[in-house]
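Report on one structure; see the data block that follows.
Numbering (UniProt numbering), first residue to last: 1 to 249.
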């Protein structure tokens, strides 16, 4: 019995020796490599747990923003990880998010209503409640499609008002503007309201309502998302980071 045990130990020792010599390592180096791999595995699992915690709140958060959210937690866990390493880890674990290029067009600019000039060209934005940007985005629900209208402060990035309807009639953007006006902190007027050239924003009903609230109207001059970039960006954040691109119940 003792002889057999000694034989098994010798065989195991021989196999280990063959392994670390094949790897070009000493016995000490071999065990250091194992320890390093275990530490790396623990580190990666910790990072993945932190990523899943963030993704639970913001399902579509991309890698670059994840790293910003993770920085403090990584320091607390004594983990150093750069953007490229995080990209590789997420790709390896199947957590890398690809952005779709197609999008749903909600702008109907083929109308004969007056289109205000774009007042944002070369305009320095220096304080909150100077410029508001408005847009409508498409939302899918179990009950059918819906539309979300938003007004965002271009300086603070604060959503000042919103409205959700199953249609894109002018009442939706008017209700959105009512909430926006109510949420204004300052009493000054002449806030620029910038939107695309959609019929809801350019029609007389909305124009007169907005001007009656003291807003100065501004619209994009062509169908170019960059002319209303902040509003488009807010839509993408809500859809791809907070999960509004999924079918809602």
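Just so you know, even glycine gets a beta-carbon here, dropped at the ideal spot from N, CA and C.
For residue i, the residue or residues it bridges with in DSSP
i	result
residue 219	195
residue 153	132
residue 165	147
Nearest to residue i (by Cα), restricted to the options the options
i	options	result
residue 40	69, 165 and 86	86
residue 95	50, 154 and 236	50
residue 198	165, 134, 57 and 164	134
residue 184	168, 153 and 210	153
residue 238	120, 149 and 52	149
residue 90	63, 112 and 74	63
residue 88	48, 204, 203 and 175	48
residue 81	113, 44, 114 and 58	44
Residue i burial status per 10 Å Cβ neighbour count (16 or more: buried)
i	result
residue 42	exposed
residue 108	Unreliable placement is indicated for residue 108, whose pLDDT of 48 sits below 50; no coordinate value is reported for it.
residue 70	buried
residue 52	exposed
residue 254	In the structure displayed, the chain extends from 1 to 249; residue 254 sits before or after that span and is not available.
residue 151	buried
residue 163	buried
residue 208	exposed
Beta carbon of residue i nearer than 8 angstroms to that of residue j
i	j	result
residue 130	residue 230	no
residue 200	residue 159	no
residue 212	residue 189	no
residue 173	residue 145	no
residue 194	residue 235	no
residue 66	residue 54	yes
residue 218	residue 74	no
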